[in-house]
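Some notes on the structure that comes next.
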Amino acid sequence: MVKLTEVEDEHFAQEKPQSSKHNVLLAEDDEDDYTDTESEISNDSDLDEFESEGLYERLSALKDMIPPSTRRHVSSTVSSVTSFTKSSIAFSGKALWIISTSAFLLGVPWALAYAEEEQYIQMEREQGMIKGANEVCE
Numbered sequence: 001m002v003k004l005t006e007v008e009d010e011h012f013a014q015e016k017p018q019s020s021k022h023n024v025l026l027a028e029d030d031e032d033d034y035t036d037t038e039s040e041i042s043n044d045s046d047l048d049e050f051e052s053e054g055l056y057e058r059l060s061a062l063k064d065m066i067p068p069s070t071r072r073h074v075s076s077t078v079s080s081v082t083s084f085t086k087s088s089i090a091f092s093g094k095a096l097w098i099i100s101t102s103a104f105l106l107g108v109p110w111a112l113a114y115a116e117e118e119q120y121i122q123m124e125r126e127q128g129m130i131k132g133a134n135e136v137c138e
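full-length UniProt numbering applies: residue 1 is where the sequence shown begins, and numbers increase by one.
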């Protein structure tokens, strides 16, 4: 069997509350609200401590608010996105290297051969024009 005992609050143990109209317990001053001055966070030293904190310290303090399963899920998602990004960049770099070297190895000789062929065609035209001019003159 469970035995219940009443434990009095320290504040009420020092001062006996007065009951007022409507059976509401009030302290000595029924117009003022009760405030616990010991739990106030208005000290200047506390404010200085908060101002000296950096962004990293504030974010690392927030990690306790997030459940471990959610943290694991977010961590695995970020890890997989990072891995995909790294592999995509590596693949793109290798593909760009292959394409550019192939273009240089195949494209430059082709461009030189094409320019040389164009010169031969131009020379044949000039020789044809010279022959035509000589035939007209004769």
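Cβ coordinates follow ideal geometry from the N, Cα and C atoms, glycine included.
Item: Ala61 to Ile99 span [Cα, whole Å]; Value: 49 Å
Item: 8 Å Cβ shell around Arg71 - same chain, five flanking residues per side excluded; Value: Lys63
Item: Simplified DSSP state of Met1, which is helix, strand or coil; Value: coil
Item: Through-space distance from Glu57 to Ser83, alpha-carbon basis; Value: 27 Å
Item: CA-to-CA distance, Ser80 to Trp110, given in whole angstroms; Value: 44 Å
Item: Start and end residues, alpha helix (DSSP H) containing Phe91; Value: Pro68 to Ser102
Item: Own chain, CB closer than 7 Å to Glu8, minus 5 neighbours either side, in chain order; Value: none
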